[in-house]
Amino acid sequence: ARGKHFLNLYSYTSTASLHAALGGAVSTTSVDLSNTYLNWSKENFVLNGLTVDHADEQHQFFASDCFEWLKEGHEQYELIFIDPPTFSNSKKFYGTFDVQRDHLSLLKRAMNRLTTDGTLYFSNNYRGFEMDEEILAFFDVEEITQETIGPDFKRNQKIHRAWKITHPKN
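Per this note's numbering, the sequence shown runs over residues 1 to 170.
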C-alpha cells in the first residue's frame, strides 16, 4: 500500500485500512454502515499511533451504504479492498444485499473509482459464489484464493474466495 490511496469497502473494524496505513499508504478511506464498527476502527488506528481527528484527511471513515458512497463520490484510488457480507438486510438502506446477486453492480461501481493502473481485491465468504461473466469479460481477473488462505485453514480451503481485478492493459 506504500504510496497509494487505499479504499476499504464494508470495512468492519478497518483492519485492512490499518495495515495499509501502517504500510505507508498516502491515505485510507474506510466505508461501513455501522457507526459502532467505525468507532472501533478509529480506536484501532489510535492504538497503533495514528491520528484520526475530523480535520485529518489522511484517514477517513464514512458511515454509509457502499453502493451509495461509490455513486456519490469521484475520488480515485490505486488500491481497493472489498470484503462484503454474503447477505445483509440492514434497516439503514433500502432493500437487501446479496453478494451473488449484487456483486456485478458493486464491482462495476468500484472499478469506476480505481485508477487505470490500480488493483482491486475482492473477497467473500459465500461458498457457492461465481464471478459474473461480465466482470470476467471487461476486466483482467485473477483468482487468488489459494494465496490468501493461511496455513491454519489449509484443511478447509472453502472458507472464502478472493480475486485480484485490474483494468485491461491496452
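Virtual Cβ for every residue (Gly too), placed ideally from N, Cα, C. Quantities reported herein were computed from a predicted structural model and do not represent experimental measurements.
Check whether the Cβ atoms of residue i and residue j sit closer than 9 angstroms, and answer yes or no.
i: Thr119; j: Thr166; result: yes
i: Ala1; j: Leu106; result: no
i: Gly24; j: Gly49; result: no
Below 8 angstroms on the Cβ atoms is my contact criterion, and I expect residue i with residue j to pass it. Report the Cβ-Cβ distance as a whole number of Å.
i: Asp83; j: Ser123; result: 5 angstroms
i: Tyr126; j: Phe81; result: Contact flag wrong, Cβ pair sits at about 17 angstroms.
i: Ser14; j: Ser30; result: 4 angstroms
i: Phe45; j: Leu70; result: Their Cβ separation, rounded to whole angstroms, is 23 angstroms, which puts Phe45 and Leu70 out of contact at 8 angstroms.
i: Met131; j: Trp163; result: 7 angstroms
Give the DSSP-derived three-state secondary structure of residue i in the structure shown.
i: Arg161; result: strand
i: Asp102; result: helix
i: Gln146; result: helix
i: Val52; result: coil
i: Leu88; result: Looking at the sequence itself, residue 88 is Ser, so the reference to Leu does not match. Three-state result, Ser88: strand.
i: Ser17; result: helix
i: Thr96; result: coil
i: Asn125; result: coil
i: Ala63; result: strand
i: Asn171; result: One cannot answer for residue 171 here, as it falls past the ends of the chain, which runs 1 to 170.
State the Cα-Cα distance for the pair residue i and residue j, rounded to the nearest angstrom.
i: Phe67; j: Glu75; result: 14 angstroms
Is the shortest distance between the beta-carbon of residue i and the beta-carbons of chain C less than 9 angstroms?
i: Thr15; result: Judged by its chain identifiers, the structure shown contains no chain C, having just a single protein chain.
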